[in-house]
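Sequence lines, in order, name chains B and P. At position 427 of the first sequence (counting the first as 1) the number is 426 in numbering that gives the first Met the number 0, and the numbers step up by one without a gap. At position 229 of the second sequence (counting the first as 1) the number is 228 in numbering that gives the first Met the number 0, and the numbers step up by one without a gap. For each residue, glycine too, the CB sits at the ideal point set by N, CA and C. Right, one structure below, let's go through it.
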Amino acid sequence: MNPPQPTPSVKADAIQKPTKPQREKKPSKSKPLNDEKMDNPTSKASTNDKQLTEKQLRKLEWEKKLSEQKGKGDIKDGLSLSKAELKAKRREQQEAQRQAKVEKDVKEVKDKPVENPKSLEKKPTRMLPGEAKKSDKKSTVEPKILKSKHVQLVQHLYKEPNPEYSSKLVNFKEIHPVFMRLGVQYSEKVILGSNARCLALLAGIRTLINDIQTPSKQEFCRYLQGVLQNCTDYLQECRPLAVSMTNALRSFKQQLRHIETIETGLNDNDKRTRLIDVIDTYIRNDMRRAWDAISIKVNAKIVDGDIILIYGCSSLVRQILLEANKDGKKFSVIIVDSRPLLEGREMLRRLISAGIKCSYVLINGLSCVMKQASKVLLGAHALLTNGSVMSRIGTAQVALVAQAYNKPVLVCCETYKFSERVQTDSFVFNEIGDSNLLLSADTSSSSSPLVYQKDNPKLNILNLLYDVTPPDLVTAVVTELAILPCTSVPVVLRINAGESNV
Amino acid sequence: MTNINFQDLSDVIRLISDIKHKNILSSHDIALKTEAMLEALIAQGKWTSASELMQLIKQRIKCISQSLPMEATAINVMRHILKVIREEFEVASEKKGESQSLQYIVTGASSNVLDYSQSLSSLQAALLDHLSEYKTELETSAENIAAQASEHIHSSETILTFGTSKTVQRFLKAASKKRTFNVIVVEAAPLYLGHSLAANLAKSNIQTTVIPDSAVFAMMSRVNKVIIGTHTVLASGGLRASSGIHALALAAKHYSIPVMVLSHMYKFTPVYLGSNDHEAFNDCASPASLIPYSSGQVLNKAEVTNAVFDFVPPELVTLFITHQGGNSPSYVYRLLSELYHPDDYEI
């Protein structure tokens, strides 16, 4: 009854293929155990694969499903769970599985025609009825429960489980499996942080360019543009794109159009290399060089004996601190962390292993440690045109307390994260995280009293992902161009726009 | 004190151990227990004069302040009873006590100073009477605070509160009988006591939203009032409250949102402390609730701090609500002089 494992022989795969959908349906209840056992080996093995063979496609599907469960399971790892929690967890898993199955089935429908044109007529007719049933069930049951649990204030931010979501997925034609995987990794927060998300997206586009085959009588760039649009639509559906991603995409599309209109004489393969070059240049110049430049700029500001307070786990701040340490600066770091992501623990682990002296507090103890700090370094999700800093939730509070103690607040932000949007509060545009993550008190063994009131319509749990720090709380923004006041964002945007038009 | 006789102090030692072992958790229970202890002490009658009795009580205060430096409630209750003794003695001896009139200060007439060592037969009964009155006051205090709820909360307001407090819970529940409003509860890491408050409020049909500590600033812009409880009210009008409240009060200040502090009279402490990291001010709890022991090697090298309290300066507090009504922080000094005798501020 085990769901088919990614077996080494291609033949076995081929045999299993036609029967798989039916086999999948029945054993769904006995699955959780099997899945957990297999969890580690598969996910590790498949992180490296880039070339997508038939076999690896299979693997991907698997991993996607596993990562869904893993994402949920991870949070409670290392806890002794009460019965109620266990039950809740199991329910979650089942839910996740059902969802994964829907997606998987859908993908099969889509993948098959590409791989095996002959099965094209058969598969959809066989799959779609089941598909329809599932999506029906979802659309009738879920919205009712969810709507009552919405916080009125941010009603607009909740993603309605789109009743046509699964059918839409079917219609999302030609979504490359890499993007399928990306979508799930984004939505399950396996890939977290705007830099990491942007890098993953660009890597995805590169794979897409490599794999894409232009149908006859179509221009390569135009075709690619269409496919890419579909893919990003799908990603948007999984989790709203980060500002870094939209900016990177915009720049890529600009280049794409440029190649399409100006360089008409090239053949497909040349265009491919050109486009891949565009992506590599973007990663090299706008991202990696920016990180290095910012790191050098901030390092100049770090002196021996500094106590630097940081919040969360920004990849850029981490790089800065590690490099300052490499330069032999003697400083210590206060890591402020908050629920529910608790990214700070990861930061703590990495800085400690690099030999930096660290202390760790949760955000509630912020006022007690702020006095010792000499500088505050923060990462950013985006910098808005009105000078506000959009960043992980809690950043504004750190900046506020820092101001109360007269500590300089440096926000590290690459210019590719500058956005033309303006925003003055944290509600108009934001993202809502999984509220269930707040249900448990992560370090105590007893379960939270909230669990018993979970279904009470009067009780809401709000887990916002970002907040907006007003510009007056930020001393300066460190970009690769210069150390600027927040209010210089429009200037930088204007200059950048001018450059790219030339 | 060199001559502390531990035999005589068994009652206070029991109280201390109860507090230490968290057998009595809420400050309200501590206040009641302390009052009961003193009532028993007075009733036993192992004292002959007011000054002896005051000596006995002061011994107990010292004992508590040495073993539980953060405990304010028990000491405040005893301190208040010291004042009660002084008052009752004055009444019993039918003499006018140290008046605070300007004439006395200027002329410095010392002939009228009371001699507390005089033994008075009527004192014991009068004291027990007064104490039972005080006990009723303690018992009804929360009720009286809750009764003011509708004066402070209007319809469809958004109230933000932090962690848990029985007084706040009662206050909000009382308000919900007359008004409909939303409550946002900050879960208050690392103990997440906010969860239990939220669950209780939701049970009594109040629209409740739980947010993590990090979302305080973001949510504050949509809040109408902040209503919190506190551990202690300091003489300056500042607060010693659970950690995280300082940041919350700063955010409230940033958005000009009133911060109301519900407090019983026994939380008013005649102590001036003005900083978070003052030794006499803060306490550190176990770091286990911040980061699990299972994190492994990292814990050997990292310094994990889990401060229990936050100092909130008086300028961040808008209003104190006690059973007598509302007062601004600048009036706390006056409340203190009503509660305690100036000679008993330092013991």
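Cβ neighbours of residue i in the same chain (closer than 7 Å, five flanking residues each side left out)
i                     : result
residue 294 (chain B) : 318, 319 and 322
residue 282 (chain P) : 69, 307 and 308
residue 221 (chain P) : 157
residue 220 (chain B) : 255, 258, 259 and 270
residue 212 (chain P) : 185, 186, 187, 188 and 243
residue 347 (chain B) : 334, 357 and 359
Short CB-CB distance (under 8 Å) between residue i and chain D
i                     : result
residue 318 (chain B) : Absent from the structure is chain D; the protein chains it does hold are B and P.
Same chain, Cβ closer than 8 Å to residue i, neighbours up to 5 away in sequence not counted
i                     : result
residue 179 (chain P) : 154, 155 and 206
residue 329 (chain P) : 236 and 313
residue 315 (chain P) : 245, 248, 249, 251, 252 and 258
residue 416 (chain B) : 193, 242, 243, 246, 379, 380, 381 and 382
residue 198 (chain B) : 282 and 286
First through last residue of the beta strand (DSSP E) which encompasses residue i
i                     : result
residue 181 (chain P) : 181-185
residue 468 (chain B) : 465-468
residue 374 (chain B) : 374-378
residue 327 (chain B) : Run containing residue 327 (chain B): none; DSSP gives neither H nor E here.
residue 207 (chain P) : 206-210
First through last residue of the alpha helix (DSSP H) which encompasses residue i
i                     : result
residue 19 (chain P)  : 9-19
residue 219 (chain P) : 215-219
residue 343 (chain B) : 343-352
residue 75 (chain P)  : 72-92
residue 355 (chain B) : Here residue 355 (chain B) belongs to no alpha helix (DSSP H), and DSSP marks it neither H nor E.
residue 371 (chain P) : Because chain P here runs from 0 to 346, residue 371 (chain P) falls outside it and cannot be looked at.
residue 41 (chain P)  : 26-43
residue 334 (chain P) : 331-338
residue 244 (chain B) : 242-261
Other residues of its chain near residue i: CB distance less than 6 Å, five sequence neighbours each side excluded
i                     : result
residue 406 (chain B) : 372 and 375
residue 38 (chain P)  : 130
residue 344 (chain P) : 269
residue 314 (chain B) : 192 and 194
residue 485 (chain B) : 386, 470, 473 and 476
residue 390 (chain B) : 379 and 380
Residue i versus residue j: straight-line alpha-carbon distance, rounded
i                     : j                     : result
residue 76 (chain P)  : residue 337 (chain P) : 13 Å
residue 47 (chain B)  : residue 251 (chain P) : Any reading at residue 47 (chain B) needs caution, since the residue's pLDDT is 44, under 50, leaving its predicted position unreliable; the model's value is listed next. Taking the straight line joining both Cα atoms gives about 49 Å.
residue 267 (chain B) : residue 414 (chain B) : 32 Å
residue 454 (chain B) : residue 190 (chain B) : 30 Å
residue 183 (chain B) : residue 478 (chain B) : 31 Å
residue 62 (chain P)  : residue 461 (chain B) : 46 Å
residue 31 (chain P)  : residue 312 (chain B) : 47 Å
residue 84 (chain P)  : residue 306 (chain B) : 53 Å
residue 496 (chain B) : residue 320 (chain P) : 56 Å
residue 129 (chain B) : residue 174 (chain B) : Note that residue 129 (chain B) scores a pLDDT of 40, beneath 50, so its modelled location is shaky; the value from the coordinates is reported in the next line. Between residue 129 (chain B) and residue 174 (chain B), the C-alpha separation is close to 22 Å.
residue 428 (chain B) : residue 339 (chain P) : 53 Å
residue 10 (chain P)  : residue 234 (chain P) : 29 Å
residue 322 (chain P) : residue 262 (chain P) : 8 Å
residue 394 (chain B) : residue 272 (chain P) : 29 Å
residue 450 (chain B) : residue 120 (chain P) : 59 Å
residue 423 (chain B) : residue 212 (chain B) : 45 Å
residue 508 (chain B) : residue 471 (chain B) : It is not possible to answer for residue 508 (chain B), since the shown part of chain B is limited to 0 through 501.
residue 292 (chain B) : residue 330 (chain B) : 20 Å
residue 190 (chain P) : residue 284 (chain P) : 11 Å
residue 236 (chain B) : residue 158 (chain B) : 9 Å
residue 492 (chain B) : residue 286 (chain B) : 16 Å
residue 165 (chain P) : residue 480 (chain B) : 54 Å
What residue ranges within the stretch 109-172 of chain P form continuous alpha helix (DSSP H) runs of no fewer than 4 residues, ordered along the chain? 122-146 and 148-151
Quick one: which residues of the stretch 214-247 of chain P get their C-beta closer than 7 Å to a C-beta of chain B? List them in chain order. 214, 215, 216, 217, 220, 221, 242, 243, 245 and 246
What residue ranges within the stretch 273-313 of chain B form continuous beta strand (DSSP E) runs of no fewer than 3 residues, ordered along the chain? 306-310
What are the complete alpha helix (DSSP H) segments, minimum 4 residues, inside the stretch 187-232 of chain B? 193-210
Short of 7 Å Cβ to Cβ, which residues in the stretch 248-261 of chain P face chain B? 249, 250 and 253
For the stretch 407-427 of chain B, list every residue whose C-beta sits within 8 Å of some C-beta in chain P, in sequence order. 424, 425 and 426
Looking at chain B, which residues of the stretch 196-215 of chain P have a Cβ within less than 7 Å of any of its Cβ atoms? 197, 198, 201, 202, 204, 205, 206, 207, 208, 209, 210, 211, 212, 213, 214 and 215
Chain B contacts made by the stretch 308-328 of chain P, where a contact means CB separation under 7 Å: 309
What ranges does the alpha helix (DSSP H) occupy inside the stretch 227-258 of chain P, keeping only unbroken runs of at least 4 residues that lie completely in it? 244-253
Residues within the stretch 367-379 of chain B neighbouring chain P, beta-carbon criterion of under 9 Å: 367, 368, 369, 370 and 371
Residues, ordered as in the chain, of the stretch 467-500 of chain B that lie near chain P by beta-carbon distance below 9 Å: 467, 468, 469 and 472
Residues of the stretch 16-35 of chain P whose Cβ lies closer than 7 Å to any Cβ of chain B, in chain order: none
Within 7 Å of chain P by C-beta, residues of the stretch 290-311 of chain B in sequence order: none
Against chain P, which members of the stretch 388-409 of chain B pass a CB distance test of less than 9 Å? 391, 392, 393, 394, 395, 396, 397, 398, 399, 400, 402 and 403
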